[in-house]
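Peer 1: Here the protein sequences come in this chain order: A and B.
Residues in the first sequence are numbered from 1297 upward in steps of one, following the numbering used here.
Residues in the second sequence are numbered from 1297 upward in steps of one, following the numbering used here.
Number of protein chains: 2
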Amino acid sequence: MVTIKDIAKKSGYSITTVSRALNGFDDVNEETRKKIQKVAEELQYYPNAIARRLVKKGSNTFGYIVCGLKRGEKHSIVQEFLSAIYDFANKVGYEILIMTVDSKKKSPKSYLQFAKEHNLSGIIVSGITTDEPYYRELQNSEIPCVLIDLVADNINVGSVTTDNYNASRDVVTYLYDKGHRNIAYMNGKANASVSMVRYSGYVDRMRELGLKVSMDYVLNGDFSEEIAYQEAREFLQKHPEVTAFFCASDLMAVGLIKAARELGIKVPEQLSVVGFDDIPIAEYTSPPLTTVRQDFYQMGYEATQMLYSIINKQDIPHIKKLSYELVERSSVSMV
Amino acid sequence: MVTIKDIAKKSGYSITTVSRALNGFDDVNEETRKKIQKVAEELQYYPNAIARRLVKKGSNTFGYIVCGLKRGEKHSIVQEFLSAIYDFANKVGYEILIMTVDSKKKSPKSYLQFAKEHNLSGIIVSGITTDEPYYRELQNSEIPCVLIDLVADNINVGSVTTDNYNASRDVVTYLYDKGHRNIAYMNGKANASVSMVRYSGYVDRMRELGLKVSMDYVLNGDFSEEIAYQEAREFLQKHPEVTAFFCASDLMAVGLIKAARELGIKVPEQLSVVGFDDIPIAEYTSPPLTTVRQDFYQMGYEATQMLYSIINKQDIPHIKKLSYELVERSSVSMV
DNA sequence: CCCATAATTCAAAACGTTTCGGATAATCGG
DNA sequence: CCGATTATCCGAAACGTTTTGAATTATGGG
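1) Taking only beta-carbon atoms, is B/GLU1413 less than 8 Å away from chain A?
2) Give me the Cα-Cα distance between A/LYS1616 and A/ALA1488, rounded to the nearest whole angstrom.
3) Which partner residues does A/ILE1420 have in the DSSP bridge list?
4) May I ask you to verify whether the region 1610–1630 of chain A touches the region 1561–1569 of chain A, counting CB pairs closer than 8 Å and requiring at least 3?
5) For A/ASN1460 versus A/VAL1493, is the C-beta distance shorter than 8 Å?
6) DSSP three-state label for B/ASP1398, please.
7) What residue range does the alpha helix (DSSP H) around A/ALA1524 cover?
8) Helix, strand or coil: how does DSSP classify B/ILE1300 here?
9) Which residues in chain A sit within 9 Å of B/ALA1480, going by Cβ to Cβ distance?
10) Less than 8 Å between the CB atoms is what I'm expecting for B/ASN1415 and B/ILE1606, so what's the real figure, rounded?
11) Given 8 Å as the limit, is there contact between the region 1368–1377 of chain A and the region 1363–1373 of chain B, that is, 3 or more CB pairs closer than that?
12) Could you check the C-alpha separation between A/LYS1306 and A/VAL1314 for me, to the nearest Å?
13) Report the neighbours of A/LYS1370 on chain B: residues whose CB is nearer than 7 Å to its CB, in chain order.
14) With a threshold of 7 Å on Cβ separation, who are the neighbours of A/SER1406 within its own chain once the five nearest residues in sequence on each side are excluded?
15) Closest to B/SER1536 by CA distance: which of B/GLY1517, B/TYR1513, B/LEU1547, B/ILE1523 is it?
16) For B/LEU1505, which residues in the same chain have their Cβ closer than 6 Å to its Cβ, ignoring the five residues on either side in sequence?
17) Taking C-beta to C-beta, are B/MET1602 and B/VAL1456 nearer than 8 Å?
18) Using the beta-carbon count (16 or more within 10 Å), is A/ILE1311 buried or exposed?
19) Helix or strand or just coil, what does DSSP make of A/LEU1507?
20) Of the residues that make up the region 1345–1370 of chain B, which ones have a beta carbon closer than 9 Å to any beta carbon in chain A?
21) Rounded to whole angstroms, what's the CA-CA distance from B/SER1379 to A/LEU1552? Just pull it up for me.
22) Between the Cα of B/VAL1550 and those of B/VAL1538, B/ILE1575, B/LYS1534, spot the shortest distance and give me the residue it belongs to.
23) Is it a yes or a no for the region 1422–1441 of chain A touching the region 1579–1587 of chain A, going by three-plus beta-carbon pairs under 8 Å?
24) Closest to B/SER1626 by CA distance: which of B/GLU1413, B/SER1491, B/ALA1578, B/GLU1527 is it?
25) For the region 1391–1407 of chain B, which residues have a CB atom closer than 8 Å to at least one CB atom of chain A, in sequence order?
26) With DSSP collapsed to three states, give me the class of A/GLY1551.
27) Determine, using beta carbons only, whether B/GLN1409 and A/TYR1342 come nearer to each other than 8 Å.
28) Could you work out which residues of chain B lie near A/SER1379, taking near to mean beta carbons separated by less than 7 Å?
29) For A/VAL1499 and A/VAL1490, which I take to be in contact (beta-carbon distance under 8 Å), what is that distance rounded to the nearest angstrom?
30) List, in chain order, every chain A residue whose beta-carbon is nearer than 7 Å to that of B/GLU1376.
31) Quick one: what does DSSP say A/ARG1494 is sitting in, helix, strand or coil?
32) Using only the alpha-carbon positions, how far apart do B/LEU1622 and B/SER1545 sit?
33) Going by beta-carbon coordinates alone, are A/TYR1525 and B/TYR1580 separated by less than 8 Å?
34) Give me the chain A residues within the contact set of B/TYR1525, using Cβ-Cβ distance strictly less than 8 Å, ordered along the chain.
35) Go through the region 1533–1604 of chain A residue by residue and report every complete run of the beta strand (DSSP E) that reaches 3 residues or more, in order.
36) Within the 8 Å Cβ cut-off, does A/TYR1620 reach chain B?
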């Protein structure tokens, strides 16, 4: 490994001067700089980021903690986040260190340990649910951090989510306008923050519209296609009066549609279905799914941007609700 | 930041002893260790990984270079890789540093710089094409590295791919057995290694079966749904005699099917289509796509495993071809 | 009771950088 | 020509660890 020392030796200058020359300080003669740069090039010198990070105060590194990353996922949400985080990080010259945490096995490291070990400037967290130990730890974080899809009430932690509440309300309104009155709801993971918010949007709007919201009408599909399918199969047989279903995720909507098809219930003629997320699949199901589009890339980008602001002590709002879009495809019909 | 020094001070032992106690060396009294651990806990001490990495020879870190990560991707291949790489890394106690490179803008860093800066033990590269500057650089790498979907001929660089050649041949055979004789081929990016391999599998098998392979019958969809759609629209009108299409990716198959539908050509009745990859969408298109399944998770896992072996100077084959599976769904019919 | 061995502990160097405070030489105003 | 700037340069400390080699103490055999 060729170090700054080698360059100093070969060029005849001191370590200090070499460092300053290479880092563009202006108290070094241009000619000297040229010479040093030449030597650096000849020797194929690359500054050791580790040594640098050790001595510099900030590490200029974002941490990204992704919970529940696993194989065979049918959406690419994490990929979108990643893409966004990197785009922003590249823009501001930060690097990224990722930690994955599996909710099943208890992780060996706490998020705090992760952050401290690596001297992280701040961290972004996605995919966490309120029942994980991390959640509590995060609540009183001393380290700048922003949560995706989860709100917290600490000054050091920001959050960005889609405006789930209003999105949910809009879906109910949309269905109502199409003439539906018996609207069931398929909720996601009980411990996911978004589930609760979407649920209350549904309930509130239903009530406002004077529609009954019986507990029978809300199922729990755990954000899983398979579970949604199971639940729906049972439910649909018992409740032929239900003409519309709002699912808290596209995947569950897909499961639901499969159940309906198997029971000979035609979508959308006999049953309208609305999903949430607009994952790639949504466009290709039959019928193509009407759903609420979340822009996951933007979510990741805004999160990183917010983290950057928090790190730099900028005074900005710590809660950001992103807009959504109701994408009309063909899974809903008038009644 | 609480350091090892603080612990030394508070516990009354030397820095050396603290370090050795915390790292489980056996030349420290168990009682001492207990005490030191207690102090460490009280002070919420977390060893600084940066300092550690600086002094240790190996960094115990894999680099992962992902080319062409971008928003709005309709597959989750990178996510699968990531998931796999992390699973393996967690198993062997490595960390991962990711660099993204955009083939459009010339990247500020060479892969070598990236590796040296961070003292990486080795790197994994995915998504690279032969026309990128990185490709040449990689060819004579001094640093252990393994390429996904690209083969190299350097002892330090391994590669893992699906057995694209045979997969391609099998598809042709499959179509042949279904009675198809005029089989067209939609190729991917010209500069992607896999494209060439799949292409030759197609050509070789066609010839073996005594089928003509005219240049007219091979299109280039650049792995893009849109381009494949455009190309197909033109082609299908001119060549009604073609009864089957083999596409080098599912996405292109989707584009192709769309074109066919618009031209009133029924899939699979009038045109059979086979894709490649088996991305999540493939299962939901209408008709559901018959395709070659690649296990991207396994690819990532094997790649990391191989990298680990290379790093540890184990003598293992540097080229790994993964098996595939022809998934029969409904986009192919007998003729 | 003494020497050899084992069990503990520690001081100091090393990893590759940045940076503080000063040193030296050159330039300038008067 | 002198004191004061200014332009360049540099030595040494610092970042938080690990590790080497040795010192100290305890133990045991004879």
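C-beta: ideal position from N, C-alpha, C; glycine also.
Bear in mind that the values here come from a model prediction, so they are computed numbers and not experimental data.
Peer 2: Looking at the atomic coordinates:
1) The residue you call residue 1413 of chain B lines up with position 117 of the second sequence. Interface residue, yes.
2) As a working note, residue 1616 of chain A is residue 320 in the first sequence. As a working note, residue 1488 of chain A is residue 192 in the first sequence. Distance between the alpha carbons of A/LYS1616 and A/ALA1488 is about 18 Å.
3) For the purposes of this step, residue 1420 of chain A is identified with residue 124 of the first sequence, where counting begins at 1. Answer is A/TYR1360, A/VAL1442.
4) Touching, per the Cβ criterion.
5) Sequence index remark: in the first sequence, residue 1460 of chain A carries index 164 (1-based). Sequence index remark: in the first sequence, residue 1493 of chain A carries index 197 (1-based). Taking 8 Å as the Cβ cut-off, A/ASN1460 and A/VAL1493 qualify as a contacting pair.
6) Sequence index remark: in the second sequence, residue 1398 of chain B carries index 102 (1-based). If DSSP states are grouped into helix, strand and coil, B/ASP1398 belongs with coil.
7) As a working mapping, residue 1524 of chain A is identified with position 228 in the first sequence. From DSSP, the alpha helix (DSSP H) with A/ALA1524 extends over 1521–1534.
8) Here residue 1300 of chain B refers to the residue found at position 4 of the second sequence. If DSSP states are grouped into helix, strand and coil, B/ILE1300 belongs with the helices.
9) For the purposes of this step, residue 1480 of chain B is identified with residue 184 of the second sequence, where counting begins at 1. By Cβ distance, chain A contributes nothing, its closest Cβ being about 23 Å from B/ALA1480, past 9 Å.
10) Position 119 of the second sequence, counted from the first residue, corresponds to residue 1415 of chain B. Position 310 of the second sequence, counted from the first residue, corresponds to residue 1606 of chain B. So it is not a contact: roughly 17 Å between Cβ atoms.
11) Contact between the region 1368–1377 of chain A and the region 1363–1373 of chain B is present: three or more C-beta pairs spanning the two stretches fall below 8 Å.
12) Translated into the one-based positions of the first sequence, residue 1306 of chain A becomes position 10. Translated into the one-based positions of the first sequence, residue 1314 of chain A becomes position 18. Cα-Cα distance, rounded: 11 Å.
13) Position 74 of the first sequence holds residue 1370 of chain A. PRO1576, listed in chain order.
14) Numbered from 1 along the first sequence, position 110 holds the residue referred to as residue 1406 of chain A. GLU1433, listed in sequence order.
15) Counted from its first residue, the second sequence places residue 1536 of chain B at position 240. Note on identity: in this sequence residue 1536 of chain B is Pro, with Ser being the wrong assignment. Considering only alpha carbons, the answer is B/TYR1513.
16) Here residue 1505 of chain B corresponds to residue number 209 of the second sequence, with the count starting at 1. Only TYR1472 meet the Cβ criterion.
17) What you label residue 1602 of chain B is simply residue 306 of the second sequence in a count that begins at 1. What you label residue 1456 of chain B is simply residue 160 of the second sequence in a count that begins at 1. The Cβ atoms of B/MET1602 and B/VAL1456 lie closer than 8 Å to each other.
18) The count along the first sequence starts at 1 and reaches residue 1311 of chain A at position 15. By the 10 Å Cβ count, A/ILE1311 comes out exposed.
19) Translated into positions along the first sequence, residue 1507 of chain A becomes position 211. Reduced to three states, the DSSP call for A/LEU1507 is coil.
20) So the list reads ALA1345, ILE1346, ALA1347, ARG1348, ARG1349, LEU1350, SER1355, VAL1362, LEU1365, LYS1366, ARG1367, GLY1368, GLU1369, LYS1370, given in the order they occur along the chain.
21) Along the second sequence, one-based indexing puts residue 1379 of chain B at 83. Along the first sequence, one-based indexing puts residue 1552 of chain A at 256. Rounded to the nearest whole angstrom, the C-alpha separation of B/SER1379 and A/LEU1552 is 28 Å.
22) Here the question's residue 1550 of chain B lines up with position 254 in the second sequence. It is B/ILE1575 whose Cα lies nearest to the Cα of B/VAL1550.
23) Short answer: they don't touch.
24) Locating residue 1626 of chain B in the second sequence gives position 330, counting from the first residue. Selected option, being the one with the closest Cα: B/ALA1578.
25) Here the close residues are GLU1391, ILE1392, LEU1393, ILE1394, THR1396.
26) As a working mapping, residue 1551 of chain A is identified with position 255 in the first sequence. In the three-state scheme derived from DSSP, where H, G and I count as helix and E and B as strand, A/GLY1551 is classed as helix.
27) If you number the second sequence from 1, residue 1409 of chain B lands on position 113. If you number the first sequence from 1, residue 1342 of chain A lands on position 46. Going by C-beta atoms, B/GLN1409 is nearer than 8 Å to A/TYR1342.
28) Position 83 of the first sequence, counted from the first residue, corresponds to residue 1379 of chain A. Listed along the chain, the chain B residues whose CB falls inside 7 Å of the CB of A/SER1379 are LEU1365, LYS1366, ARG1367.
29) Here the question's residue 1499 of chain A lines up with position 203 in the first sequence. Here the question's residue 1490 of chain A lines up with position 194 in the first sequence. So it is not a contact: roughly 15 Å between Cβ atoms.
30) The count along the second sequence starts at 1 and reaches residue 1376 of chain B at position 80. For B/GLU1376, the C-beta contacts it makes with chain A under 7 Å involve ARG1367, in order along the chain.
31) Sequence index remark: in the first sequence, residue 1494 of chain A carries index 198 (1-based). Assignment of A/ARG1494 by DSSP, reduced to helix, strand and coil, places it in the helix class.
32) Stepping through the second sequence from its first residue, residue 1622 of chain B is reached at position 326. Stepping through the second sequence from its first residue, residue 1545 of chain B is reached at position 249. If you take the alpha carbons of B/LEU1622 and B/SER1545, they lie about 13 Å apart.
33) Numbered from its first residue, the first sequence carries residue 1525 of chain A at position 229. Numbered from its first residue, the second sequence carries residue 1580 of chain B at position 284. No, they are not a contact pair.
34) Taking the second sequence and counting its residues from 1, the one referred to as residue 1525 of chain B is at position 229. One finds nothing in chain A with a Cβ atom closer than 8 Å to the Cβ of B/TYR1525; even the nearest lies about 14 Å away.
35) Listed in chain order, the beta strand (DSSP E) runs fully inside the region 1533–1604 of chain A are 1540–1543, 1568–1573, 1586–1589, counting runs of at least 3 residues.
36) For this step, residue 1620 of chain A is matched to residue 324 along the first sequence. Between A/TYR1620 and chain B, the shortest Cβ-Cβ separation is not below 8 Å.
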